[in-house]
Amino acid sequence: PKVGNEEPHSSDDVQRLYIVLRPHQEKQPPQEEKDEEKSMLLRLILMGKKSLPDPAKRSRPYWGSVELVTTKIQDVKDALQAEEYDTKTKGHRHKPAARALGEGVYRILKHHSGNKMHTHLVYKLEFPSEGAENQPQEELNVEREGSFLIQIKNPTQGQGKSKKNNKKKKAIFPAQLQGQFGKLRYHVADPPEFLNYEGCEFLLISASDDIHKELGLEMIEQDVSCSDLVNTFGETVSADALFRGIWAGVGRAV
Numbered sequence: 001p002k003v004g005n006e007e008p009h010s011s012d013d014v015q016r017l018y019i020v021l022r023p024h025q026e027k028q029p030p031q032e033e034k035d036e037e038k039s040m041l042l043r044l045i046l047m048g049k050k051s052l053p054d055p056a057k058r059s060r061p062y063w064g065s066v067e068l069v070t071t072k073i074q075d076v077k078d079a080l081q082a083e084e085y086d087t088k089t090k091g092h093r094h095k096p097a098a099r100a101l102g103e104g105v106y107r108i109l110k111h112h113s114g115n116k117m118h119t120h121l122v123y124k125l126e127f128p129s130e131g132a133e134n135q136p137q138e139e140l141n142v143e144r145e146g147s148f149l150i151q152i153k154n155p156t157q158g159q160g161k162s163k164k165n166n167k168k169k170k171a172i173f174p175a176q177l178q179g180q181f182g183k184l185r186y187h188v189a190d191p192p193e194f195l196n197y198e199g200c201e202f203l204l205i206s207a208s209d210d211i212h213k214e215l216g217l218e219m220i221e222q223d224v225s226c227s228d229l230v231n232t233f234g235e236t237v238s239a240d241a242l243f244r245g246i247w248a249g250v251g252r253a254v
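The numbering of the sequence shown is UniProt numbering, which starts it at 1 and goes up by one.
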């Protein structure tokens with residue numbers, strides 16, 4: 001939510017949209033699963049706009065950037081927690097903690113069309129459940145499922161569209177990844193390890209809100225009896241948007 005607004009009632013009250021991606025590993029033996037939990041990779045992504053790309057405007061790209069890559073859950077919690085600070089012009093300020101908007105499964109995959117190949121970021125929501133109202137989700141273009149073309153920006157070629165992004169540090173990719181760009185400004189997200197580097201900038205372009213129709217892909221949901229997001233990060237603020245799909249006032253906030 002925006003500074004000083006504990007109970008947002010619409011997208012006008014939302015300050016930023018973050019996405020947390022946790023790459024899923026293949027099924028491991030019990031002991032290796034425990035080790036994996038200790039070293040799970042978490043990518044915290046900040047979208048350039050406070051919504052996902054509009055499915056009705058498929059030619060309009062949205063910027064995103066990788067703000068944090070860590071194996072420590074507390075690092076992400078710290079980045080999204082409430083903050084108190086003082087300014088010379090407005091005095092004491094309170095920035096509310098981030099609220100969960102949705103949770104689901106995702107994949108980054110290659111798609112061949114003729115002799116061309118591009119990459120898609122696809123997702124399917126598990127929470128809110130199918131019968132929820134989805135008020136904040138609809139305002140922020142978070143459909144039940146979605147597919148986006150994703151392109152990684154070459155950090156050595158020009159500046160990003162956002163002036164804010166220009167002030168941030170650029171991603172430093174290892175030689176084998178940087179070499180894939182050549183002189184191109186953008187490259188497909190193959191391999192997805194491009195997103196494992198802080199400062200990585202990318203473009204998302206809406207492709208479809210029907211994954212099966214577009215790609216012939218069925219996204220398999222995980223155990224929806226409980227929220228993995230809440231189990232991982234805890235529930236310190238309202239989760240009504242996540243579980244009930246409602247804003248504050250009708251319930252709580254994002």
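Each residue gets a CB set at the ideal place from its N, CA and C atoms; glycine is no exception. Computed from a prediction, not measured in an experiment: that's the story for all the values here.
Outcome for residue i when other beta-carbon atoms lying within 10 angstroms are tallied against a minimum of 16
{"i": "Gln28", "result": "Any answer about Gln28 is weak, because its pLDDT of 49 lies below 50 and its placement is not dependable; what the coordinates show is given next. With fewer than 16 Cβ atoms within 10 Å of its Cβ, Gln28 is classed as exposed."}
{"i": "Asp86", "result": "exposed"}
{"i": "Ser206", "result": "buried"}
{"i": "Ser238", "result": "buried"}
{"i": "Glu138", "result": "exposed"}
{"i": "Glu218", "result": "exposed"}
{"i": "Gly182", "result": "exposed"}
{"i": "Gln151", "result": "buried"}
{"i": "Gln135", "result": "buried"}
{"i": "Glu143", "result": "buried"}
{"i": "Ile172", "result": "exposed"}
{"i": "Arg60", "result": "exposed"}
{"i": "Glu201", "result": "buried"}
{"i": "Gly64", "result": "buried"}
Beta bridge counterpart(s) of residue i as assigned by DSSP
{"i": "residue 311", "result": "Outside the displayed span of the chain (1 to 254) sits residue 311, for which this structure offers no information."}
{"i": "Glu83", "result": "Lys95"}
{"i": "Ala124", "result": "Note that residue 124 is Lys in the sequence shown, not Ala. The partner list for Lys124 (beta bridge, DSSP) reads Val105 and Glu145."}
{"i": "Met219", "result": "Paired residue(s): none; Met219 is not in a bridge."}
{"i": "Glu68", "result": "Just to set this straight, residue 68 is Leu in the shown sequence, not Glu. Answer by DSSP bridge pairing, in chain order: Leu44."}
{"i": "Lys116", "result": "Ser113"}
{"i": "Ser208", "result": "Ser147"}
{"i": "Tyr62", "result": "Leu204"}
Distance, residue j Cα to residue i Cα
{"i": "Ala175", "j": "Asn5", "result": "44 angstroms"}
{"i": "Pro8", "j": "His94", "result": "14 angstroms"}
{"i": "Glu37", "j": "Lys77", "result": "Unreliable positioning characterises Glu37 in this predicted model, as indicated by a pLDDT of 49, which lies under 50. The coordinate reading is nonetheless provided below. Computed Cα separation, rounded: 16 angstroms."}
{"i": "Glu33", "j": "Arg107", "result": "In this prediction, Glu33 scores a pLDDT of 49, lower than 50, which makes its location untrustworthy; the coordinate-derived value is nonetheless stated afterwards. Cα-Cα distance, rounded: 20 angstroms."}
{"i": "Gln157", "j": "Val188", "result": "15 angstroms"}
{"i": "Glu126", "j": "Ser147", "result": "16 angstroms"}
{"i": "Ser129", "j": "His24", "result": "22 angstroms"}
{"i": "Gly114", "j": "Asn154", "result": "25 angstroms"}
{"i": "Met47", "j": "Asp240", "result": "22 angstroms"}
{"i": "Thr70", "j": "Cys226", "result": "24 angstroms"}
{"i": "Ala82", "j": "Lys116", "result": "45 angstroms"}
{"i": "Arg244", "j": "Val230", "result": "14 angstroms"}
{"i": "Gln15", "j": "Leu101", "result": "13 angstroms"}
{"i": "Ala79", "j": "Val20", "result": "11 angstroms"}
{"i": "Leu109", "j": "Arg58", "result": "19 angstroms"}
{"i": "Phe194", "j": "Ser10", "result": "34 angstroms"}
{"i": "Arg22", "j": "Met40", "result": "7 angstroms"}
{"i": "Ile211", "j": "Leu121", "result": "10 angstroms"}
{"i": "Gly216", "j": "His111", "result": "11 angstroms"}
{"i": "Glu221", "j": "Leu184", "result": "36 angstroms"}
Residue range of the alpha helix (DSSP H) that includes residue i
{"i": "Ile45", "result": "Run containing Ile45: none in the alpha helix (DSSP H); it sits in the beta strand (DSSP E), Leu42 to Met47."}
{"i": "Lys90", "result": "Lys90 -> no alpha helix (DSSP H), and no H or E assigned at all."}
{"i": "Val76", "result": "Ile73 to Leu80"}
{"i": "Val230", "result": "Asp228 to Phe233"}
{"i": "Glu138", "result": "Gln135 to Glu139"}
{"i": "Asp240", "result": "Asp240 to Phe243"}
{"i": "Leu177", "result": "Ala175 to Gln178"}
Continuous beta strand (DSSP E) stretch holding residue i: start and end
{"i": "Val105", "result": "Glu103 to Ser113"}
{"i": "Ile19", "result": "Tyr18 to Leu21"}
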